[in-house]
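Engineer: Position 21 (the sequence shown) corresponds to 196 in the working numbering; numbering is contiguous. My questions all concern the structure below.
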Amino acid sequence: RMQTGNMGGVGGFGKAKHGKFNGRHNTVHRPTFIRTFSHLAKQQGLAGMYKGLGPPVCMMMMMNSVNFTVFNRLKDKFVGGNHPVGFGTNTSAINWRVVAAGAAVGPLCAAIGTPFELVKLQLQLDGVNATKNNGGQNNSNTKPLNAHAPRNGQNYRGALDAAKKLYKSYGPRVFYLGFGVNAAREMLFNAMFFGTYEHVQFGLRNEYEKRGVNESTAIACAGGLAGAFAWWGSLPLDCVKSGIQGQDLRNGGWDELRKTGKVGIRESYKKVLKTRGVFGFFSGAAPSVVRSFLVSGSRFVAFAGAIKVMEDGRNVA
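See the structure below:
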């Protein structure tokens, strides 16, 4: 099952791409997807849309290899076998053991994902600051005198360069800035993600089968619903996390005495509440939910397909 998780890297690209806009909702305070998109296109061009893409793609490949595998092992242990739950079974009550198995994956996902998220947001912030310093102009076509130097006054050349410089400036602890809130977010997300899928997929398969609809369509719908629901529910924590990891460390954001960022959970929460109100915690909700429906559906189809291929190959052997 570990190998099948890498199929999620395809879906991870979509997640990473949208993470660009979601991060900018929190770092530049653009209130809508359209305004954020227009802002990026105007000031940073097409290349700016993909700033910080590498870290989340790598993260999703690693994370999907782990979370699907660990969840299925825990579900087998907590529930036993492939026992169906929820919609379409004899009882529609929530099986909290399945939900607990999903939540248990959260801290492990956060341990993998937090450093990648930190680098991604710092790369994006670096691009925003460089654009401001250039008077809001996008000079992406201007080549620096040193081919290995950052462009347009940016401090980082790319993800690896950012990671090296962050480590050199702040030490290893910087990569787990925001780990606590990210662990809570991952626990909530995975509880809702896997819990929703497991509670609806059996019933949807049966209903679709009666109508002669392909099983993959039922899996895609169940996965899409799970992803959309989980992302909507975890957006407030994601917003707080982005406020912590997206703080400007180079301009007074790092506390040398405590070896951590000056913006913590409380400060990030208060800032969002003060500047954008309660609805600010759901900034970017519409594109997040749509994107997650599509990406999560494809992720579960890929996972189920890979499992079937492996099982068929094992039976032939």
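The C-beta atom is built at its ideal place from N, Cα and C for all residues, glycine as well.
Which term fits S471, buried or exposed, when burial requires 16 or more other beta carbons within 10 angstroms of its beta carbon?
Structural biologist: Looking up residue 471 in the sequence shown gives position 296. By the 10 Å Cβ count, S471 comes out buried.
Engineer: Just curious, the alpha helix (DSSP H) that T392 is in, first and last residue?
Structural biologist: For this step, residue 392 is matched to residue 217 along the sequence shown. Segment 390-420, the alpha helix (DSSP H) holding T392.
Engineer: Quick check on the DSSP output: the alpha helix (DSSP H) that includes F456 runs from which residue to which?
Structural biologist: Within the sequence shown, the letter at position 281 stands for residue 456. Counting along the chain, F456 falls outside any alpha helix (DSSP H), and DSSP gives it neither H nor E.
Engineer: Across the stretch 252-267 and the stretch 378-396, are there enough close Cβ pairs to call them in contact, namely three or more that are closer than 8 Å?
Structural biologist: yes
Engineer: Below 8 Å, how does it come out for the stretch 424-439 and the stretch 397-411: are there three or more Cβ pairs, yes or no?
Structural biologist: no
Engineer: Decide yes or no for the touch test of the stretch 473-491 against the stretch 436-456: beta carbon pairs closer than 8 Å, at least 3 of them.
Structural biologist: no
Engineer: Is Q422 near the ligand SAM, with its Cβ less than 7 Å from a heavy atom?
Structural biologist: This structure does not include the ligand SAM; it has no bound ligands of any sort.
Engineer: Would you call the stretch 296-303 and the stretch 355-365 in contact, with 3 or more CB pairs under 8 Å?
Structural biologist: no
Engineer: According to DSSP, simplified to helix, strand and coil, what is V428?
Structural biologist: Here residue 428 is taken as the residue at index 253 of the sequence shown, counted from 1. Looking at the sequence itself, residue 428 is Gly, so the reference to Val does not match. Residue state, collapsed to three classes: coil.
Engineer: Quick one: grab the DSSP three-state call for G328.
Structural biologist: Stepping through the sequence shown from its first residue, residue 328 is reached at position 153. Under the three-state reduction of DSSP output, G328 falls in the coil class, being neither helix nor strand.
Engineer: Counting pairs of Cβ atoms below 8 Å between the stretch 329-341 and the stretch 242-259, do you hit three or more?
Structural biologist: no
Engineer: If we call anything under 8 Å between Cβ atoms a contact, is V294 one with A268?
Structural biologist: Against the sequence shown, residue 294 aligns to sequence position 119. Against the sequence shown, residue 268 aligns to sequence position 93. For V294 and A268, no; Cβs fall outside 8 Å.
Engineer: Secondary structure at T435, three-state DSSP: helix, strand or coil?
Structural biologist: Along the sequence shown, read from residue 1 onward, the residue named residue 435 stands at position 260. Strand, per DSSP.
Engineer: So what does DSSP say about F369, is it helix, strand or coil?
Structural biologist: One-based indexing of the sequence shown puts residue 369 at position 194. Annotated three-state conformation of F369 is helix, per DSSP.
Engineer: Could you check which residue in A279, V447, Y345, D413 has the C-alpha nearest to that of G370?
Structural biologist: Position 195 of the sequence shown, counted from the start, is the residue given in the question as residue 370. G370 has its Cα closest to that of A279, out of A279, V447, Y345, D413.
Engineer: Compare the Cα-Cα distances from G328 to each of G346, W271, K307 and report the closest residue.
Structural biologist: Against the sequence shown, residue 328 aligns to sequence position 153. Ranking G346, W271, K307 by Cα distance to G328 puts K307 first.
Engineer: Of all the options P411, R348, F243, which has the alpha carbon lying nearest to the alpha carbon of R451?
Structural biologist: Against the sequence shown, residue 451 aligns to sequence position 276. It is P411 whose Cα lies nearest to the Cα of R451.
Engineer: Measuring alpha carbon to alpha carbon, tell me which residue in H258, L298, N357 is nearest V415.
Structural biologist: Position 240 of the sequence shown, counted from the first residue, corresponds to residue 415. Of the candidates H258, L298, N357, the one whose C-alpha sits nearest the C-alpha of V415 is N357.
Engineer: Report yes if the C-beta distance between S443 and G418 is below 8 Å; otherwise report no.
Structural biologist: To locate residue 443, count along the sequence shown from 1; it is residue 268. To locate residue 418, count along the sequence shown from 1; it is residue 243. Yes.
Engineer: If you draw a straight line from the C-alpha of N239 to the C-alpha of M367, how long is it?
Structural biologist: Within the sequence shown, residue 239 is the residue found at index 64, counting from 1. Within the sequence shown, residue 367 is the residue found at index 192, counting from 1. The alpha-carbon atoms of N239 and M367 are separated by roughly 16 Å.
Engineer: How about V273 and V254: do their beta carbons lie closer than 8 Å?
Structural biologist: Sequence index remark: in the sequence shown, residue 273 carries index 98 (1-based). Sequence index remark: in the sequence shown, residue 254 carries index 79 (1-based). The answer is yes: Cβ separation under 8 Å.
Engineer: I need the straight-line Cα distance from T392 to Y372, nearest angstrom please.
Structural biologist: In the sequence shown, counting from the first residue as 1, residue 392 sits at position 217. In the sequence shown, counting from the first residue as 1, residue 372 sits at position 197. So the alpha carbons of these two residues sit roughly 13 Å apart.
Engineer: Which residues mark the beginning and the end of the alpha helix (DSSP H) in which Y342 is found?
Structural biologist: For this step, residue 342 is matched to residue 167 along the sequence shown. Residues 334-345.
Engineer: Give every residue of the same chain whose Cβ lies closer than 6 Å to the Cβ of A397, excluding the five residues on either side of it in the sequence, and list them in chain order.
Structural biologist: For the purposes of this step, residue 397 is taken as the residue at position 222 of the sequence shown. Cβ within range, chain order: Y372, V375, Q376, L379.
Engineer: Relative to the alpha-carbon of Q422, which residue among V447, E384, W407, S463 has its alpha-carbon at the smallest distance?
Structural biologist: One-based indexing of the sequence shown puts residue 422 at position 247. Comparing Cα positions, the closest option is V447.
Engineer: Is the Cβ-Cβ distance between A395 and V476 less than 8 Å?
Structural biologist: The sequence position of residue 395 within the sequence shown is 220, counting from 1. The sequence position of residue 476 within the sequence shown is 301, counting from 1. Yes; because the gap between Cβ atoms is below 8 Å, this pair is in contact.
Engineer: Please report how far the alpha carbon of F354 lies from the alpha carbon of Y345, in whole angstroms.
Structural biologist: Position 179 of the sequence shown, counted from the first residue, corresponds to residue 354. Position 170 of the sequence shown, counted from the first residue, corresponds to residue 345. One C-alpha to the other measures close to 16 Å.
Engineer: Output yes or no for whether 8 Å exceeds the beta carbon distance between P290 and F350.
Structural biologist: For the purposes of this step, residue 290 is taken as the residue at position 115 of the sequence shown. For the purposes of this step, residue 350 is taken as the residue at position 175 of the sequence shown. For the 8 Å CB-CB criterion, P290 and F350 form a contact.
Engineer: Tell me which residues share the same chain as K434 and place their Cβ nearer than 8 Å to its Cβ, disregarding the 5 neighbours each side in the sequence.
Structural biologist: As a first step, residue 434 must be located in the sequence shown, where it is residue number 259. Cβ neighbours of K434 beyond the five flanking positions: Y345, G346, R348.
Engineer: Alpha carbon to alpha carbon, how far is D336 from A276? Give it in angstroms, no decimals.
Structural biologist: Here residue 276 is taken as the residue at index 101 of the sequence shown, counted from 1. Here residue 336 is taken as the residue at index 161 of the sequence shown, counted from 1. One alpha carbon belongs to A276, the other to D336, and they sit about 37 Å apart.
Engineer: Helix, strand or coil for S240 per DSSP?
Structural biologist: As a working mapping, residue 240 is identified with position 65 in the sequence shown. In this structure, S240 counts as helix in the three-state DSSP scheme.
Engineer: Closest to Y331 by CA distance: which of Q299, K483, A359 is it?
Structural biologist: Counting from one through the sequence shown, the residue named residue 331 turns up at place 156. Of Q299, K483, A359, the residue nearest in Cα terms is Q299.
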